[in-house]
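Please read the structure below before turning to the comments.
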Amino acid sequence: MEKIDKLDKKILSILSKNARIPFKDVAAECGVSRAAIHQRVQHLIEGGVITGSCFLVNAKSIGYSTCTYVGINLERGSMYKDVVEKLLEIPEIVECHFTTGPYTMLVKLYSRDNEQLMDLLNNRMQTIPGVVSTETLISLEQSIRRAIPVHIDEE
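Rendered as structure tokens:
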């Protein structure tokens, strides 16, 4: 991706607060045409700066009451990609990271209850070849959820 300029940053700042805002409103706020906004956004998508937009579903509203982070230790870090392929088969896992620190990997998942969580851990995750151990951290409440801020530098 080429350099992101001040207008790109302003567009990103606006869209990160409300991805559903009409381009005409973004254009008005930026002082450019709707076509210019459309072109810029398309360029940001093609350059991998914008990686998607989606509706966020409240997990509790569809029956997933337990949010859990699971630290996973592997026999060897080189097994990461093979383990990720197996984790992709578990739809309750919504994030997976290759990490430094006490775990090789950290995953975030949602379960309906503790019984399903136990099944996911014991029968799905811990049976994956290469997984040595897991440590479970249950989230009691999510207090902050936001996009990374886009700072618009003065030129």
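Just add 2 to wherever you are in the sequence shown, counting from 1, and you've got the numbering used here.
Where is the CB? At the ideal position from N, CA and C, for every residue including glycine.
Please read all numbers here as calculations on a predicted model, not as lab measurements.
Quiz item: Going by other Cβ atoms of all chains shown within 10 Å of its Cβ, with 16 needed for buried, is Arg-22 buried or exposed?
Solution: exposed
Quiz prompt | Rounded C-alpha distance that separates Val-51 from Thr-68 | solution = Cα atoms of Val-51 and Thr-68: separation of roughly 32 Å, rounded to the nearest angstrom.
Practice problem: Note down the Cα distance separating Ile-140 from Leu-9, rounded to an integer number of angstroms. | Solution: 41 Å
Practice problem: Assign Ile-140 to one of three DSSP states: helix, strand, or coil. | Solution: strand
Quiz item: Quick one: is the Cβ of Met-120 within less than 7 Å of any heavy atom of the ligand PLP?
Solution: Ligands in the displayed structure: none, and consequently the ligand PLP is not present.
Practice problem: Please report how far the alpha carbon of Thr-53 lies from the alpha carbon of Ile-47, in whole angstroms. | Solution: For Thr-53 and Ile-47, the distance between alpha carbons rounds to 6 Å.
Quiz item: Residue range of the alpha helix (DSSP H) that Tyr-66 falls in?
Solution: That residue, Tyr-66, is in no alpha helix (DSSP H); it is neither H nor E in DSSP.
Quiz item: Given a threshold of 16 other Cβ atoms within 10 Å of its Cβ, counted over all protein chains shown, does Glu-94 qualify as buried or as exposed?
Solution: buried
Quiz prompt | Residues sharing a beta bridge with Leu-111, DSSP | solution = BP columns for Leu-111 point to Thr-70 and Ile-95.
Quiz item: Between which two residues does the alpha helix (DSSP H) carrying Asn-116 extend?
Solution: Counting along the chain, the alpha helix (DSSP H) containing Asn-116 begins and ends at 116-121.
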